Each structure stands twice: as structure tokens, then as C-alpha cells.
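**Q** Throughout the sequence shown, residue numbering follows our numbering, covering 26 to 76 in sequence. Glycine included, every Cβ here is placed at the ideal spot set by N, Cα and C. A quick note: this is a predicted structure, and the numbers were derived from the prediction, not measured. Quick one: the structure is below, questions incoming.
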Amino acid sequence: MSQTLADLFEEQADRHPDRIAVEGEDGCLTYRELDEAANRVAWELLDGFAA
Numbered sequence: 026m027s028q029t030l031a032d033l034f035e036e037q038a039d040r041h042p043d044r045i046a047v048e049g050e051d052g053c054l055t056y057r058e059l060d061e062a063a064n065r066v067a068w069e070l071l072d073g074f075a076a
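Written out as C-alpha cells, the structure reads:
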């Protein structure tokens, strides 16, 4: 069974939504926040291609 990076990320987001996923100088994002942001970008891209 082969999983993509996206599949593995979704598993982490589901298991540990409130854990820190990324940290930077401007702050950090939880897996939930990063997943939501990634989904927003994906929908924007899909909307752009549909237009």
C-alpha cells in the first residue's frame, strides 16, 4: 500500500490537529490550521482553472 505525502499529512492532521506542524519567525501553525490553509489554496486553484 503506497501513500502520498498528502495522505500522510492528512493522517497527522486528523490524529493531532492541535499539535504544531510548522514554526517560523512569525509564529507557528497547528496541523489543523495548516490543513485548512492548504485546502483554501487548493480550492482557489481549482476555481481559477474552472473559470
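Have a look at Pro-42 and Ala-63 and give me their C-alpha separation to the nearest angstrom.
**A** Reading the sequence shown from its first residue, position 17 is the one you call residue 42. Reading the sequence shown from its first residue, position 38 is the one you call residue 63. Roughly 14 Å between the two C-alpha positions.
**Q** Can you check which of these residues, Ala-31, Leu-70, Glu-69, is closest to Gln-56 by C-alpha distance?
**A** As a working mapping, residue 56 is identified with position 31 in the sequence shown. Sequence check: residue 56 is Tyr here, not Gln. Tyr-56 has its Cα closest to that of Ala-31, out of Ala-31, Leu-70, Glu-69.
**Q** Between which two residues does the beta strand (DSSP E) harbouring Glu-48 extend?
**A** Mapped onto the sequence shown, residue 48 falls at position 23. Per DSSP, Glu-48 belongs to the beta strand (DSSP E) from 45 to 49.
**Q** List the endpoints of the continuous alpha helix (DSSP H) containing Asp-37.
**A** If you number the sequence shown from 1, residue 37 lands on position 12. Here residue 37 turns out to be Gln, not Asp, going by the sequence shown. 30 to 40 is the extent of the alpha helix (DSSP H) around Gln-37.
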